[in-house]
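Count along the sequence shown from 1, then add 1; that gives the number in our numbering.
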Amino acid sequence: MTDKDLCILCGHQCCKWIAFTYGELSGQALEFYLARGCKILRCDPYIDGEKKGTSLYRIYIPHPCPHLIEGKGCAIYDRRPLVCLEYSGSDDPLVKELCRIGKSAPIITNSNQS
Ligand code: SF4
Ligand code: SF4
2 MTDKDLCILC GHQCCKWIAF TYGELSGQAL EFYLARGCKI LRCDPYIDGE
52 KKGTSLYRIY IPHPCPHLIE GKGCAIYDRR PLVCLEYSGS DDPLVKELCR
102 IGKSAPIITN SNQS
């Protein structure tokens with residue numbers, strides 16, 4: 002089974018959101034994003050099982066990629082951007098349970114849903 006098949010099986014979870022990492026989030030900021038259909042997950046940095054530094058949040062804005070064809074996959078799969086080519090959901094708190102491709106992504110080492 003190819004990576005493309007695995008992505009179709011997972012339902013292309015990572016192609017449906019624009020995500021960025023943020024530090025402190027006020028209650029007003031939380032309301033702002035939640036009212037717009039965003040998902041917000043904690044992604045605190047852990048080293049050797051210990052939380053390091055301040056809490057981080059991952060904000061997911063619902064915005065399916067225009068190249069995604071539901072049920073068929075990426076219309077530009079063979080020439081998709083590097084960010085897509087190198088992406089793995091294994092450390093992404095939103096999709097790590099669903100991602101079928103288990104490479105290691107650099108940013109997040111542990112997470113808790115807020
Ligand atoms: S979450 Fe993983 S399996 Fe799903 S589309 Fe993204 S890379 Fe592919
Ligand atoms: S270009 Fe393809 S792989 Fe990248 S986000 Fe869009 S649909 Fe997904």
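Backbone N, C-alpha and C fix where the C-beta goes; we use that ideal spot for every residue, glycine too. Model, not experiment: these values are computed from the prediction.
Next item on the list: Compare the C-alpha of residue 39 against each of 20, 16, 89 and name the closest.
Entry: Of 20, 16, 89, the residue nearest in Cα terms is 20.
Next item on the list: Examine the Cβ distances between the stretch 62-76 and the stretch 11-28 and report whether three or more of them are shorter than 8 Å.
Entry: Touching, per the Cβ criterion.
Note to self: Under 8 Å, with one C-beta from each stretch per pair, do the stretch 87-104 and the stretch 30-50 reach the 3-pair mark?
What the structure shows: Yes: the two stretches touch, three or more of their Cβ pairs being nearer than 8 Å.
Checklist line | 8 Å Cβ cutoff met for residue 60 and residue 34 | finding: Taking 8 Å as the Cβ cut-off, residue 60 and residue 34 qualify as a contacting pair.
Check: Is residue 97 helix, strand or coil by DSSP?
Finding: In the three-state DSSP reduction, residue 97 falls in the coil class, being neither helix nor strand.
Notebook entry, point to check: Helix, strand or coil: which one does DSSP assign to residue 19?
Noted result: In the three-state reduction of the DSSP assignment, residue 19 falls in the strand class.
Check: Which partner residues does residue 102 have in the DSSP bridge list?
Finding: Beta-bridge pairing links residue 102 to no other residue.
Notebook entry, point to check: Does the beta carbon of residue 15 fall short of 7 Å from some heavy atom of ligand 1?
Noted result: Correct: residue 15 has its Cβ closer than 7 Å to ligand 1.
Next item on the list: Compute the distance between the beta-carbons of residue 26 and residue 47, then report whether it is under 8 Å.
Entry: In this structure, residue 47 does not lie closer than 8 Å to residue 26 by Cβ.
Item checked: Beta-carbon contacts of residue 5 that lie in its chain and below 7 Å, excluding the five residues immediately before and after -> Residues 74, 78 of the same chain have their beta carbon placed closer than 7 Å to that of residue 5, with the five preceding and five following residues left out of the count.
Checklist line | Coil, strand or helix - residue 59 by DSSP | finding: Correct three-state label for residue 59: strand.
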